[in-house]
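Residue numbers (this note's numbering): 1449 to 1828.
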(Lines of atoms letter the chains of each structure in order from A and count residues from 1; the text may use other names and numbers.)
(Lines give C-alpha, C1' and ligand atoms only; values in the text may rest on other atoms or scores of the structure.)
Protein backbone atom coordinates (compact mmCIF):
# COMPACT_ATOMS: atom_id res chain seq x y z
CA UNK A 1 0.00 0.00 0.00
CA UNK A 2 1.40 3.47 -0.90
CA UNK A 3 2.62 5.62 1.98
CA UNK A 4 3.88 9.19 2.33
CA UNK A 5 7.21 9.60 0.58
CA UNK A 6 8.81 11.65 3.37
CA UNK A 7 8.16 8.92 5.93
CA UNK A 8 9.54 6.23 3.60
CA UNK A 9 12.69 8.25 2.88
CA UNK A 10 13.20 8.74 6.60
CA UNK A 11 13.23 4.96 6.93
CA UNK A 12 15.68 4.69 4.04
CA UNK A 13 17.92 7.28 5.70
CA UNK A 14 18.06 5.26 8.90
CA UNK A 15 19.08 2.14 6.98
CA UNK A 16 21.72 3.98 4.96
CA UNK A 17 23.36 5.19 8.16
CA UNK A 18 22.93 1.89 9.98
CA UNK A 19 26.25 0.16 10.83
CA UNK A 20 24.86 -3.07 9.34
CA UNK A 21 24.39 -1.56 5.86
CA UNK A 22 25.85 -3.81 3.15
CA UNK A 23 24.75 -2.08 -0.04
CA UNK A 24 22.29 0.45 -1.43
CA UNK A 25 21.45 1.63 -4.94
CA UNK A 26 19.42 4.64 -6.08
CA UNK A 27 18.36 4.93 -9.72
CA UNK A 28 15.58 6.04 -12.03
CA UNK A 29 13.72 9.33 -11.78
CA UNK A 30 10.41 10.63 -10.57
CA UNK A 31 7.75 11.81 -12.91
CA UNK A 32 8.64 15.19 -14.39
CA UNK A 33 11.94 15.43 -12.51
CA UNK A 34 15.51 14.34 -13.23
CA UNK A 35 18.31 13.68 -10.68
CA UNK A 36 21.70 15.28 -11.24
CA UNK A 37 23.18 11.76 -11.49
CA UNK A 38 21.69 8.69 -13.14
CA UNK A 39 22.75 6.25 -10.42
CA UNK A 40 24.21 6.17 -6.93
CA UNK A 41 25.61 3.20 -5.05
CA UNK A 42 26.53 3.17 -1.37
CA UNK A 43 28.49 0.53 0.52
CA UNK A 44 30.66 0.35 3.64
CA UNK A 45 34.41 0.05 3.14
CA UNK A 46 37.33 -0.30 5.49
CA UNK A 47 40.32 1.90 4.73
CA UNK A 48 43.56 2.45 6.59
CA UNK A 49 41.96 5.55 8.04
CA UNK A 50 39.10 3.45 9.36
CA UNK A 51 35.54 2.60 8.29
CA UNK A 52 33.99 4.79 5.61
CA UNK A 53 30.77 4.98 3.62
CA UNK A 54 31.67 4.76 -0.06
CA UNK A 55 29.37 6.64 -2.43
CA UNK A 56 29.76 5.97 -6.16
CA UNK A 57 27.70 8.08 -8.56
CA UNK A 58 27.52 8.25 -12.34
CA UNK A 59 26.26 10.98 -14.63
CA UNK A 60 25.84 8.44 -17.42
CA UNK A 61 29.28 8.91 -18.92
CA UNK A 62 31.79 8.82 -16.07
CA UNK A 63 31.77 7.60 -12.47
CA UNK A 64 32.69 9.54 -9.35
CA UNK A 65 33.55 7.85 -6.04
CA UNK A 66 34.09 9.35 -2.61
CA UNK A 67 34.53 7.88 0.87
CA UNK A 68 32.91 9.76 3.73
CA UNK A 69 33.51 9.35 7.45
CA UNK A 70 30.78 8.04 9.75
CA UNK A 71 28.80 10.65 11.62
CA UNK A 72 28.03 14.14 10.38
CA UNK A 73 29.90 13.77 7.08
CA UNK A 74 28.07 10.57 6.14
CA UNK A 75 24.74 11.98 7.28
CA UNK A 76 25.20 15.07 5.14
CA UNK A 77 26.14 13.04 2.08
CA UNK A 78 23.13 10.75 2.56
CA UNK A 79 20.80 13.72 2.93
CA UNK A 80 22.09 15.14 -0.35
CA UNK A 81 21.28 11.88 -2.13
CA UNK A 82 17.85 11.59 -0.53
CA UNK A 83 17.06 15.10 -1.80
CA UNK A 84 17.65 13.91 -5.38
CA UNK A 85 14.44 12.90 -7.20
CA UNK A 86 15.38 9.25 -7.64
CA UNK A 87 12.51 6.98 -8.58
CA UNK A 88 13.84 3.85 -6.88
CA UNK A 89 15.88 2.89 -3.83
CA UNK A 90 17.18 -0.58 -3.01
CA UNK A 91 18.79 -0.92 0.43
CA UNK A 92 20.33 -4.02 2.01
CA UNK A 93 21.49 -4.42 5.59
CA UNK A 94 22.59 -7.50 7.48
CA UNK A 95 19.01 -7.95 8.71
CA UNK A 96 16.66 -6.48 6.11
CA UNK A 97 16.14 -5.49 2.50
CA UNK A 98 13.99 -2.51 1.53
CA UNK A 99 12.85 -1.59 -1.96
CA UNK A 100 11.19 1.77 -2.51
CA UNK A 101 9.51 2.93 -5.70
CA UNK A 102 8.06 6.41 -6.11
CA UNK A 103 4.65 6.24 -7.78
CA UNK A 104 3.34 8.68 -10.39
CA UNK A 105 1.34 10.40 -7.67
CA UNK A 106 4.49 11.02 -5.64
CA UNK A 107 3.84 8.43 -2.95
CA UNK A 108 6.13 5.58 -1.93
CA UNK A 109 5.50 1.93 -2.66
CA UNK A 110 7.69 0.04 -0.21
CA UNK A 111 8.56 -3.64 0.01
CA UNK A 112 10.41 -4.97 3.05
CA UNK A 113 11.92 -8.40 3.59
CA UNK A 114 14.22 -10.07 6.06
CA UNK A 115 17.72 -10.84 4.87
CA UNK A 116 18.26 -14.58 4.66
CA UNK A 117 21.06 -15.92 6.81
CA UNK A 118 23.30 -18.94 6.24
CA UNK A 119 22.40 -22.08 8.16
CA UNK A 120 24.99 -23.30 10.64
CA UNK A 121 26.38 -26.73 9.94
CA UNK A 122 26.67 -29.36 12.70
CA UNK A 123 30.38 -28.64 12.94
CA UNK A 124 29.64 -25.06 13.90
CA UNK A 125 30.72 -23.36 10.64
CA UNK A 126 28.32 -21.49 8.43
CA UNK A 127 27.22 -23.63 5.53
CA UNK A 128 28.53 -21.31 2.84
CA UNK A 129 30.50 -21.93 -0.31
CA UNK A 130 34.27 -21.86 -0.28
CA UNK A 131 35.69 -18.61 -1.63
CA UNK A 132 38.25 -18.66 -4.43
CA UNK A 133 40.04 -15.85 -2.62
CA UNK A 134 40.12 -16.32 1.13
CA UNK A 135 37.96 -13.62 2.80
CA UNK A 136 40.80 -13.27 5.29
CA UNK A 137 43.34 -12.51 2.58
CA UNK A 138 45.32 -9.34 3.40
CA UNK A 139 44.22 -7.79 0.09
CA UNK A 140 40.77 -7.12 1.58
CA UNK A 141 42.36 -4.83 4.15
CA UNK A 142 43.32 -2.60 1.21
CA UNK A 143 40.33 -2.92 -1.15
CA UNK A 144 37.64 -3.28 1.54
CA UNK A 145 36.26 -6.49 2.94
CA UNK A 146 32.51 -6.09 3.41
CA UNK A 147 30.39 -9.19 2.92
CA UNK A 148 28.84 -7.70 -0.22
CA UNK A 149 32.25 -6.95 -1.73
CA UNK A 150 33.53 -10.45 -0.95
CA UNK A 151 30.47 -11.92 -2.66
CA UNK A 152 31.04 -9.81 -5.76
CA UNK A 153 34.76 -10.59 -5.86
CA UNK A 154 34.05 -14.30 -5.54
CA UNK A 155 31.35 -14.24 -8.25
CA UNK A 156 33.75 -12.44 -10.59
CA UNK A 157 36.61 -14.83 -9.89
CA UNK A 158 34.38 -17.83 -10.50
CA UNK A 159 33.40 -16.39 -13.88
CA UNK A 160 37.08 -15.77 -14.61
CA UNK A 161 38.01 -19.32 -13.57
CA UNK A 162 35.28 -20.74 -15.83
CA UNK A 163 36.62 -18.71 -18.76
CA UNK A 164 40.32 -19.60 -18.61
CA UNK A 165 41.47 -23.16 -19.34
CA UNK A 166 42.72 -25.16 -16.36
CA UNK A 167 45.92 -26.02 -18.19
CA UNK A 168 46.84 -22.37 -18.85
CA UNK A 169 50.52 -21.67 -18.18
CA UNK A 170 53.09 -19.04 -19.04
CA UNK A 171 52.73 -15.24 -19.13
CA UNK A 172 49.27 -13.67 -19.24
CA UNK A 173 48.68 -10.07 -20.33
CA UNK A 174 45.51 -8.56 -18.88
CA UNK A 175 43.80 -5.20 -19.33
CA UNK A 176 40.89 -3.92 -17.24
CA UNK A 177 39.06 -1.22 -19.23
CA UNK A 178 37.19 1.28 -17.07
CA UNK A 179 38.73 -0.16 -13.90
CA UNK A 180 37.50 2.57 -11.54
CA UNK A 181 38.89 1.99 -8.04
CA UNK A 182 40.25 -1.35 -9.32
CA UNK A 183 39.28 -3.64 -6.47
CA UNK A 184 38.31 -6.36 -8.96
CA UNK A 185 41.52 -5.64 -10.88
CA UNK A 186 43.62 -6.33 -7.80
CA UNK A 187 41.50 -9.36 -6.88
CA UNK A 188 42.02 -10.79 -10.38
CA UNK A 189 45.79 -10.33 -10.11
CA UNK A 190 45.85 -11.98 -6.69
CA UNK A 191 43.83 -14.96 -7.92
CA UNK A 192 45.72 -15.43 -11.22
CA UNK A 193 49.15 -15.24 -9.64
CA UNK A 194 47.90 -17.70 -7.05
CA UNK A 195 47.38 -20.11 -9.95
CA UNK A 196 51.08 -19.76 -10.73
CA UNK A 197 50.65 -17.49 -13.75
CA UNK A 198 53.08 -14.73 -14.68
CA UNK A 199 50.63 -11.81 -14.95
CA UNK A 200 51.19 -8.36 -16.39
CA UNK A 201 48.08 -6.26 -15.81
CA UNK A 202 47.10 -2.77 -17.00
CA UNK A 203 44.13 -0.87 -15.60
CA UNK A 204 42.56 1.90 -17.69
CA UNK A 205 40.32 4.63 -16.33
CA UNK A 206 39.50 8.07 -17.63
CA UNK A 207 40.29 9.76 -14.32
CA UNK A 208 43.85 10.78 -13.49
CA UNK A 209 43.10 10.79 -9.75
CA UNK A 210 42.04 7.12 -9.99
CA UNK A 211 45.27 6.31 -11.83
CA UNK A 212 47.31 7.90 -9.05
CA UNK A 213 45.29 6.25 -6.30
CA UNK A 214 45.47 2.79 -7.90
CA UNK A 215 49.20 3.16 -8.63
CA UNK A 216 49.85 4.01 -4.99
CA UNK A 217 47.85 0.98 -3.89
CA UNK A 218 49.85 -1.28 -6.24
CA UNK A 219 53.02 0.09 -4.70
CA UNK A 220 51.78 -0.54 -1.15
CA UNK A 221 50.93 -4.13 -2.09
CA UNK A 222 54.35 -4.61 -3.68
CA UNK A 223 52.88 -5.31 -7.12
CA UNK A 224 53.98 -2.19 -8.99
CA UNK A 225 56.31 -4.20 -11.23
CA UNK A 226 53.38 -6.23 -12.55
CA UNK A 227 50.38 -3.87 -12.33
CA UNK A 228 50.25 -0.44 -13.94
CA UNK A 229 47.49 2.07 -14.57
CA UNK A 230 46.79 4.40 -17.48
CA UNK A 231 44.56 7.47 -17.53
CA UNK A 232 42.58 7.55 -20.75
CA UNK A 233 39.36 6.59 -22.46
CA UNK A 234 38.47 3.00 -23.17
CA UNK A 235 38.53 3.72 -26.89
CA UNK A 236 41.89 5.51 -27.04
CA UNK A 237 44.08 4.50 -24.10
CA UNK A 238 47.46 3.15 -25.19
CA UNK A 239 47.90 -0.49 -24.18
CA UNK A 240 51.01 -2.21 -25.51
CA UNK A 241 51.49 -5.07 -26.05
CA UNK A 242 47.98 -6.25 -26.86
CA UNK A 243 46.35 -8.21 -24.02
CA UNK A 244 45.33 -11.86 -23.89
CA UNK A 245 42.45 -11.18 -21.49
CA UNK A 246 40.17 -8.12 -21.55
CA UNK A 247 38.02 -7.17 -18.56
CA UNK A 248 35.29 -4.51 -18.69
CA UNK A 249 33.19 -4.56 -15.55
CA UNK A 250 30.23 -2.21 -15.29
CA UNK A 251 31.35 0.13 -18.05
CA UNK A 252 28.39 2.44 -18.59
CA UNK A 253 26.25 2.21 -21.75
CA UNK A 254 28.32 2.29 -24.98
CA UNK A 255 31.59 2.17 -23.03
CA UNK A 256 30.99 -1.59 -22.91
CA UNK A 257 30.79 -1.57 -26.72
CA UNK A 258 34.07 0.32 -26.91
CA UNK A 259 35.69 -2.27 -24.65
CA UNK A 260 34.35 -5.18 -26.70
CA UNK A 261 35.46 -3.51 -29.93
CA UNK A 262 39.00 -3.06 -28.60
CA UNK A 263 39.07 -6.70 -27.48
CA UNK A 264 38.12 -7.81 -30.99
CA UNK A 265 40.68 -5.49 -32.60
CA UNK A 266 43.34 -6.87 -30.27
CA UNK A 267 42.29 -10.45 -31.08
CA UNK A 268 42.11 -10.99 -27.32
CA UNK A 269 41.79 -14.65 -26.41
CA UNK A 270 39.26 -14.08 -23.63
CA UNK A 271 36.79 -11.34 -22.73
CA UNK A 272 34.73 -10.74 -19.59
CA UNK A 273 32.32 -7.78 -19.75
CA UNK A 274 29.62 -6.90 -17.24
CA UNK A 275 27.42 -4.32 -19.01
CA UNK A 276 25.74 -1.44 -17.21
CA UNK A 277 23.31 1.37 -18.04
CA UNK A 278 21.90 0.35 -21.44
CA UNK A 279 20.72 3.64 -22.95
CA UNK A 280 21.71 3.53 -26.61
CA UNK A 281 19.23 0.98 -27.98
CA UNK A 282 16.56 2.13 -25.55
CA UNK A 283 16.75 5.56 -27.17
CA UNK A 284 16.56 4.03 -30.65
CA UNK A 285 13.52 1.94 -29.67
CA UNK A 286 11.72 5.09 -28.50
CA UNK A 287 12.30 6.73 -31.89
CA UNK A 288 9.87 4.57 -33.86
CA UNK A 289 7.05 2.04 -33.39
CA UNK A 290 7.90 -1.57 -32.63
CA UNK A 291 7.41 -4.08 -35.44
CA UNK A 292 4.19 -6.04 -35.34
CA UNK A 293 3.18 -8.00 -33.34
CA UNK A 294 5.61 -6.76 -30.65
CA UNK A 295 4.05 -3.41 -29.71
CA UNK A 296 3.24 -4.71 -26.22
CA UNK A 297 6.95 -5.24 -25.56
CA UNK A 298 7.74 -1.54 -25.83
CA UNK A 299 4.48 0.24 -25.01
CA UNK A 300 5.26 0.45 -21.29
CA UNK A 301 8.38 2.39 -20.45
CA UNK A 302 9.79 -0.04 -17.89
CA UNK A 303 9.25 -3.00 -20.24
CA UNK A 304 10.86 -1.13 -23.11
CA UNK A 305 13.92 -0.40 -20.96
CA UNK A 306 14.25 -4.02 -19.88
CA UNK A 307 13.72 -5.30 -23.39
CA UNK A 308 16.39 -2.87 -24.61
CA UNK A 309 18.79 -4.36 -22.04
CA UNK A 310 18.14 -7.88 -23.32
CA UNK A 311 18.29 -6.87 -26.98
CA UNK A 312 21.54 -4.94 -26.47
CA UNK A 313 23.37 -7.84 -24.86
CA UNK A 314 21.92 -10.41 -27.28
CA UNK A 315 23.22 -8.37 -30.22
CA UNK A 316 26.59 -7.89 -28.54
CA UNK A 317 26.92 -11.66 -28.14
CA UNK A 318 25.80 -12.13 -31.76
CA UNK A 319 28.38 -9.66 -33.04
CA UNK A 320 31.16 -11.33 -31.07
CA UNK A 321 30.16 -14.61 -32.67
CA UNK A 322 30.37 -13.00 -36.11
CA UNK A 323 33.92 -11.91 -35.28
CA UNK A 324 35.30 -15.27 -34.27
CA UNK A 325 34.26 -15.62 -30.64
CA UNK A 326 32.17 -18.08 -28.74
CA UNK A 327 30.07 -15.81 -26.52
CA UNK A 328 27.83 -16.63 -23.56
CA UNK A 329 25.64 -14.34 -21.47
CA UNK A 330 25.57 -15.64 -17.90
CA UNK A 331 24.57 -14.48 -14.44
CA UNK A 332 27.36 -12.55 -12.74
CA UNK A 333 26.07 -11.87 -9.22
CA UNK A 334 22.80 -13.23 -7.89
CA UNK A 335 19.94 -10.88 -8.82
CA UNK A 336 19.06 -10.39 -5.15
CA UNK A 337 22.31 -8.41 -4.80
CA UNK A 338 22.17 -6.29 -7.96
CA UNK A 339 19.81 -5.89 -10.94
CA UNK A 340 22.86 -5.40 -13.21
CA UNK A 341 23.92 -8.99 -12.93
CA UNK A 342 24.73 -10.20 -16.45
CA UNK A 343 28.19 -11.06 -17.72
CA UNK A 344 29.25 -11.49 -21.34
CA UNK A 345 31.90 -14.19 -21.39
CA UNK A 346 33.70 -14.76 -24.68
CA UNK A 347 36.50 -16.99 -25.94
CA UNK A 348 38.21 -16.49 -29.27
CA UNK A 349 37.89 -19.48 -31.57
CA UNK A 350 38.85 -17.81 -34.85
CA UNK A 351 35.96 -19.58 -36.57
CA UNK A 352 34.46 -17.73 -39.52
CA UNK A 353 30.82 -16.78 -39.20
CA UNK A 354 28.36 -18.86 -41.18
CA UNK A 355 25.86 -17.32 -43.56
CA UNK A 356 22.99 -18.39 -41.31
CA UNK A 357 24.59 -16.59 -38.36
CA UNK A 358 24.99 -13.41 -40.39
CA UNK A 359 21.39 -13.65 -41.60
CA UNK A 360 20.09 -14.27 -38.08
CA UNK A 361 21.84 -11.15 -36.79
CA UNK A 362 20.88 -8.95 -39.75
CA UNK A 363 17.21 -9.91 -39.65
CA UNK A 364 17.00 -9.03 -35.97
CA UNK A 365 18.53 -5.55 -36.28
CA UNK A 366 16.55 -4.82 -39.45
CA UNK A 367 13.28 -5.88 -37.88
CA UNK A 368 13.79 -3.60 -34.88
CA UNK A 369 15.41 -0.83 -36.95
CA UNK A 370 18.35 -0.40 -34.61
CA UNK A 371 22.08 0.06 -35.14
CA UNK A 372 24.10 -1.33 -32.22
CA UNK A 373 27.06 0.82 -31.28
CA UNK A 374 29.31 -2.23 -31.34
CA UNK A 375 28.38 -2.86 -34.97
CA UNK A 376 29.42 0.69 -35.87
CA UNK A 377 32.70 0.36 -33.99
CA UNK A 378 33.56 -2.93 -35.70
CA UNK A 379 32.67 -1.75 -39.19
CA UNK A 380 35.62 -2.03 -41.63
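A virtual CB, placed ideally from N, CA and C, is assigned to each residue, including glycine.
Query                                                                                                                                                                                : Result
Just confirm the distance between the C-beta atoms of residue 1717 and residue 1693, as a whole number of angstroms; I'd bet it's less than 8 Å.                                     : 7 Å
With a CB to CB cut of under 7 Å and the five nearest residues on each side skipped, what residues in its chain are close to residue 1797?                                           : 1772, 1773 and 1774
Beta carbon of residue 1478, beta carbon of residue 1533: below 8 Å?                                                                                                                 : yes
Should residue 1451 go down as buried or exposed, given a rule of 16 or more other Cβ atoms within 10 Å for buried?                                                                  : exposed
Go through the segment 1663–1687 residue by residue and report every complete run of the beta strand (DSSP E) that reaches 3 residues or more, in order.                             : 1675–1679
Am I right that residue 1507 and residue 1485 are in contact with their C-beta atoms under 8 Å? What's the rounded C-beta distance?                                                  : 5 Å
What would DSSP say about residue 1804, mapped onto helix, strand or coil?                                                                                                           : helix
Using 8 Å as the threshold, is the C-beta distance between residue 1558 and residue 1464 below it?                                                                                   : no
Give me, in chain order, the residues of the same chain whose beta-carbon lies closer than 6 Å to that of residue 1552; leave out the 5 immediate sequence neighbours on both sides. : 1479
Identify every residue that forms a DSSP beta bridge with residue 1702.                                                                                                              : In the DSSP output, where bridge partners are listed per residue, residue 1702 has none listed.
Express the C-alpha separation of residue 1761 and residue 1795 in angstroms, rounding to a whole number.                                                                            : 16 Å
Using beta-carbon positions only, say whether residue 1678 and residue 1650 come within less than 8 Å of one another.                                                                : yes
Nearest CA to the CA of residue 1670: which residue from 1637, 1691 and 1689?                                                                                                        : 1637
Which whole-angstrom value describes the C-beta separation of residue 1530 and residue 1461, a residue pair presumed to lie in contact below a C-beta threshold of 8 Å?              : 6 Å
Quick one: residues in its chain with C-beta nearer than 7 Å to the C-beta of residue 1550, no 5 flanking neighbours on either side, listed in chain order?                          : 1453, 1478, 1535 and 1556
When DSSP labels each residue in this structure, what does residue 1618 get in the three-state scheme?                                                                               : coil
So what's residue 1743 in DSSP terms, helix, strand or just coil?                                                                                                                    : helix
Just to confirm my understanding: we take residue 1596, look at its own chain, exclude 5 residues before and 5 after, and list those with CB closer than 8 Å. What are they?         : 1470, 1471, 1491, 1540 and 1785
Using a 10 Å radius around the Cβ and a threshold of 16 neighbouring Cβ atoms, would you call residue 1398 buried or exposed?                                                        : What the structure shows of the chain is the stretch from 1449 to 1828, and residue 1398 is not part of that stretch, so it cannot be assessed.
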